[in-house]
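Residue numbering for the sequence shown follows the working numbering, beginning at -10 and increasing consecutively.
In this text, a Cβ means the ideal position worked out from N, Cα and C, and glycines have one as well.
Note that the coordinates shown come from a computational prediction; the quantities given were computed from them, not determined experimentally.
One structure is given below, encoded as structure tokens.
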Amino acid sequence: MLKLAVCDDERVFRSNLRKIISTELDLCGIDYKIFEFTCGEELLDSLDNADYQITFLDIEMKALDGISTAKELRSRKRCGEIIFVTSHPDFVFQGYEVRALNYIMKPYERDKITAVLHTALEAQDISLEKYYVIEQQAKSIRVPLSSVKYFASDKRIVHAVTSEKRYSFYEKLSELESQLPDSFIRIHSRYLINLKYLTELNGNSVLVDGETLPVSRSCKSDLSIAFAKYMLH
């Protein structure tokens, strides 16, 4: 199990950071546990019972600040990747003293947090395959997002279409869209496609793994830009 520590003396920042991290790790299908701390002393005291592969550490805390806490973590050799969070860029250079992986500026930006989190996961040799959990009656199904060609909405029901199977579940396409990585793009009020399977753009339609799907006028520009960026990567 992946263990992460979030140490910040401001509750709202701890909660927001935890929510973003949890959403991303759920998508990756990673078994994890997040421990919250309000100060550096609490974090250090917890080391008798746990080690953390990834630690998000606020720099500006009362009593024991983040830099001092990080130095103690390193001296005890009881932590993996350290990621600083701060409201002031002036503190960033101090992170080199404790081999911090990166830093995040407040207020948090989701894209920055997920990018840094992925870097930390890679440094810890943790798989980054993303999954979407589909709830069907009495069971939950984990579907690798890399296998989903597109999502299609039919009123209140969404269909996740893969090369081998179609999964149907209740969800709003707009809510689903907000949970997906950038490799998925909306092409129509009813469709979200995986750019991995897009093979051809034809004005008002696209070819997704041999299947023709409609493209609405309002989505054309964003689709063209997203596809160009995807191909560059």
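Report buried or exposed for residue i, applying the criterion of at least 16 other Cβ atoms within 10 angstroms of its Cβ.
i      : result
His177 : buried
Thr201 : exposed
Cys29  : The identity of residue 29 in the sequence shown is Gly, whereas the question assumes Cys. By the 10 Å Cβ count, Gly29 comes out buried.
Ala149 : buried
Met50  : buried
Leu221 : exposed
Lys66  : exposed
Glu189 : exposed
Lys138 : buried
Val1   : exposed
Ile71  : buried
Ile182 : buried
Glu111 : exposed
Ile10  : buried
Ala217 : exposed
Arg3   : buried
Under 8 Å by Cβ, that's how I've got residue i and residue j pegged, so tell me the actual separation to the nearest angstrom.
i      : j      : result
Gly55  : Leu46  : 5 Å
Gly18  : Glu118 : 6 Å
Arg7   : Glu25  : 7 Å
Ile102 : Ile115 : Contact flag wrong, Cβ pair sits at about 16 Å.
Tyr219 : Leu184 : 4 Å
Leu106 : Glu13  : 6 Å
Leu162 : Ser142 : 4 Å
So which of the options has the shortest CA-CA distance to residue i?
i       : options                            : result
Leu33   : Leu90, Ser210 and Lys60            : Lys60
Gln126  : Ala109, Asp37 and Tyr156           : Tyr156
Leu(-7) : Lys101, Phe26 and Ile43            : Ile43
His77   : Leu90, Thr58 and Tyr97             : Tyr97
Phe140  : Leu221, Leu14, Gln168 and Asp15    : Gln168
Glu153  : Glu124, Pro133, Ser213 and Ile146  : Pro133
Pro203  : Asn193, Ile10, Leu212 and Val197   : Asn193
Val74   : Asp171, Asp(-3), Ala217 and Ile214 : Asp(-3)
Ala52   : Arg206, Thr27, Lys161 and Ser11    : Thr27
Tyr41   : Ser4, Ser135 and Val(-5)           : Val(-5)
Ile48   : Gly69, Ser64 and Val87             : Val87
Ala39   : Gly69, Thr12, Glu160 and Leu90     : Gly69
Phe173  : Ala215, Thr58 and Ile130           : Ala215
Ala104  : Gln113, Thr58 and Asn91            : Asn91
Give every residue of the same chain whose Cβ lies closer than 7 Å to the Cβ of residue i, excluding the five residues on either side of it in the sequence, and list them in chain order.
i        : result
Met(-10) : Asp20, Tyr21 and Lys22
Met208   : The amino acid occupying residue 208 in the given sequence is Cys; Met does not appear at that position. Around Cys208: Arg175, Ile176 and His177.
In chain order, what residues of the same chain lie with their CB nearer than 6 Å to the CB of residue i, ignoring the 5 residues before and after it?
i      : result
Asp100 : none
Tyr253 : There is no way to answer for residue 253, as the model of the chain reaches only from -10 to 222.
Glu160 : Val147
By Cβ distance below 8 Å, which residues in the same chain neighbour residue i in space, the five residues on each side in sequence not counted?
i      : result
Phe158 : Ile123, Glu124, Gln125, Ile146, Val147 and Ala149
Point to revise | Residue ranges of each beta strand (DSSP E) within the stretch 6 to 91, 3 or longer | key: 21 to 26, 41 to 47 and 68 to 75
Check your understanding: What alpha helix (DSSP H) runs, 4 residues minimum, are completely inside the stretch 80 to 148?
Key -> 99 to 112
Point to revise | Inside the stretch 156 to 209 only - alpha helix (DSSP H) runs reaching at least 4 residues | key: 162 to 166
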